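Visitor:
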Amino acid sequence: MATGNNLSVKLGQLEFANPVIAASGTFGYGLEYLPFVDLDLLGGFSTKGLSLKPRIGNAVPRMVETASGMLNAIGLENIGLEKFVNEKLPLLENYKTRILVNFFGDTKEEYIEMAARLSDVERVDALEMNISCPNVAEGGVSFSSGPANVSRVVAVARQATKKFLIVKLSPNVADITETAKSAEGAGADALSVVNTHIGMAMNLETRKPYLANVTGGLSGPAIKPLALRMVYATARAVKIPVIGVGGISVAEDALEFLIAGATAIQVGTANFIDPPATIKIIDGIRAWCQRQGVKSLAELKPR
Ligand SMILES: Cc1cc2nc3c(=O)[nH]c(=O)nc-3n(C[C@H](O)[C@H](O)[C@H](O)COP(=O)(O)O)c2cc1C
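Residue numbers (our numbering): 448 to 750.
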């Protein structure tokens, strides 16, 4: 088939119609975007991070716009696993798009239970494990804080599920290739690179940190070069597929990540600015491939 019509990519055995996935926390549970996006045109979407029990999240203000980006400290507000499976998922049953369920836990045991329970849910195509959360049982040290912690938490989730397991890495580490290799060694099927960068903003009126949580995660175009560097390095350090995420707003951004070594990409903050951004990115990738005579995205490699 001529170039532009086939943008399919494979992450391991899992095929996606195209490489564009809406990122966790910026696309609700998919349903919220129905007025703007035909879900079946997407490669897939990742749900807001789910936990065993519902969470109300952090105090407000918990979002602030910054130069070329935003800070958020939502605090992982979500409706909880049960409500998602019973009330949201049935409404998504007839869409073809890939559904990634992003999940997290406060303890290793919660990661195990989430992975095990999601294992039995047929409509879920893949699990995306967010490890950038403080481990409550071990004094709040983040699961993502070092290769040994990453290895421990990924290994137990791996044992609990046969579903395609994506581990989402934090950029807030000394060397992301080390945590990437740990996740791969512990059985991850793919990696999402990366989550938000920790930052802060001051409110000049109150002379206090703008966010009630003091710090927040920086996302949007501001982090694109940082994320791209990490994707490039990670794709060379591991054999499993890498999903590039960070500041992708237009097709050209997505193509930079694909050429750098990502097999697929995610679009986050751009969904807030332009709700149909994902669809425009797919169209733009297709048009670029047609112009360049690219027959398969697998051809995209750095020259
Ligand atoms: C408001 C908001 C909420 C987010 N919630 C989650 C989450 O629940 N789980 C997760 O793994 N990542 C979460 N993220 C991170 C994004 O999925 C993405 O990794 C990050 O924003 C970088 O991509 P971007 O620059 O395209 O937004 C969130 C980001 C934002 C802006």
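By construction, the Cβ of each residue, glycine as well, lies at the ideal position given by its N, Cα and C atoms. Just so it is clear, the structure is predicted and the values come from calculations on it, not from any experiment.
Report yes if the C-beta distance between Met576 and Ile623 is below 8 Å; otherwise report no.
Guide: Taking 8 Å as the Cβ cut-off, Met576 and Ile623 do not qualify as a contacting pair.
Visitor: If the criterion is Cβ atoms closer than 8 Å, does the pair Ala464 and Ser455 meet it?
Guide: Cβ distance < 8 Å, so Ala464 and Ser455 count as in contact.
Visitor: Can we count Ser666 as close to ligand 1, meaning its CB is less than 7 Å from some heavy atom?
Guide: Ser666 Cβ: within cutoff of ligand 1.
Visitor: Pick out whichever of Asn541, Ile521, Ile687 and Ala520 has its Cα sitting closest to the Cα of Val710.
Guide: Looking at the sequence itself, residue 710 is Thr, so the reference to Val does not match. That would be Ile687, whose Cα lies nearest to the Cα of Thr710.
Visitor: Is any non-hydrogen atom of ligand 1 found closer than 7 Å to the C-beta of Lys549, if you look at the structure I gave you?
Guide: A small correction: the amino acid at residue 549 is Asn; Lys does not occupy that position in the sequence shown. True, at least one ligand heavy atom lies under 7 Å from that Cβ.
Visitor: If you pair each beta-carbon of the segment 495 to 515 with each one of the segment 543 to 557, do three or more pairs fall below 8 Å?
Guide: A contact exists between the segment 495 to 515 and the segment 543 to 557.
Visitor: Closer than 7 Å to a non-hydrogen atom of ligand 1 - does that hold for the CB of Ile695?
Guide: The answer is yes for Ile695.
Visitor: Kindly examine ligand 1 and report whether one of its heavy atoms sits closer than 7 Å to the Cβ of Ile521.
Guide: Because some heavy atom of ligand 1 lies under 7 Å away, the Cβ of Ile521 counts as near it: yes.
Visitor: Cβ of Met647 versus every heavy atom of ligand 2: is any distance shorter than 7 Å?
Guide: No copy of ligand 2 occurs in the structure displayed; its ligands are ligand 1 alone.
Visitor: Smallest Cα separation from Glu625: which of Asn505, Val640 and Gly694?
Guide: It is Val640.
Visitor: So is Ala734 buried or exposed if we call it buried at 16+ other beta carbons inside 10 Å?
Guide: Exposed, by the Cβ-count rule.
Visitor: For Pro537, which option in Val601, Pro722, Thr681 and Gly477 has the closest C-alpha, if you only look at C-alpha atoms?
Guide: Measuring from the Cα of Pro537, the nearest candidate turns out to be Gly477.
Visitor: What residue range is occupied by the uninterrupted beta strand (DSSP E) comprising Met510?
Guide: Element bounds for Met510: Met510 to Thr513.
Visitor: At 4 residues or longer, what runs of the alpha helix (DSSP H) sit wholly inside the segment 516 to 572?
Guide: Within the segment 516 to 572, the complete alpha helix (DSSP H) runs of at least 4 residues are 536 to 539 and 555 to 566.
Visitor: Our contact map puts Val689 next to Ala698 with C-beta atoms below 8 Å; I'd like the distance itself, whole angstroms only.
Guide: In fact, because the Cβ distance is near 19 Å, the residues do not count as touching under 8 Å.
Visitor: For Ala707, name the three-state secondary structure that DSSP assigns.
Guide: The answer is helix: DSSP assigns Ala707 an H, G or I state.
Visitor: Give the straight-line distance between the Cα atoms of Leu702 and Ala648, rounded to the nearest whole angstrom.
Guide: About 31 Å.
Visitor: Whole angstroms is fine: what's the gap from Glu534's alpha carbon to Arg654's?
Guide: Cα to Cα, the separation comes out at about 43 Å.
Visitor: With DSSP as the reference, please indicate the residues paired to Lys500 in a beta bridge.
Guide: None; Lys500 has no bridge partner.
Visitor: Once you ignore the five residues that flank Asp572 on each side, which residues in its own chain have a CB closer than 6 Å to its CB?
Guide: If we look at Asp572 and ignore the five residues flanking it on each side, its Cβ neighbours are Arg545 and Ile546.
Visitor: Could you please give me the residues that DSSP links to Glu645 through a beta bridge?
Guide: Sequence inspection shows Ile at residue 645; the Glu mentioned does not correspond to that position. In DSSP, Ile645 forms a bridge with Gly664.
Visitor: Need the endpoints of the alpha helix (DSSP H) that Leu629 sits in, please.
Guide: Residue identity differs from the one stated: residue 629 is Ser in this sequence, not Leu. Element bounds for Ser629: Ile623 to Gly632.
Visitor: Residues bridged to Asn718 by DSSP?
Guide: None, per the DSSP bridge assignment.
Visitor: What did DSSP end up calling Thr450 once you bin it into helix, strand or coil?
Guide: Because the pLDDT of Thr450 is 45, which lies under 50, any placement of that residue in the model is unreliable, and the number read from its coordinates should be weighed accordingly. Three-state DSSP puts Thr450 in a helix.
Visitor: Do Ala563 and Glu607 have their beta-carbon atoms positioned less than 8 Å apart in this structure?
Guide: The question names Glu, but residue 607 in the sequence shown is Ala. Their beta carbons are under 8 Å apart, which means Ala607 touches Ala563 by this criterion.
Visitor: If we ignore side chains and look at the alpha-carbon of each, how far apart do Ile729 and Phe531 end up?
Guide: Their Cα atoms are separated by approximately 27 Å.
Visitor: Alpha carbon to alpha carbon, what distance is there between Ser579 and Asn596?
Guide: Cα-Cα distance, rounded: 11 Å.
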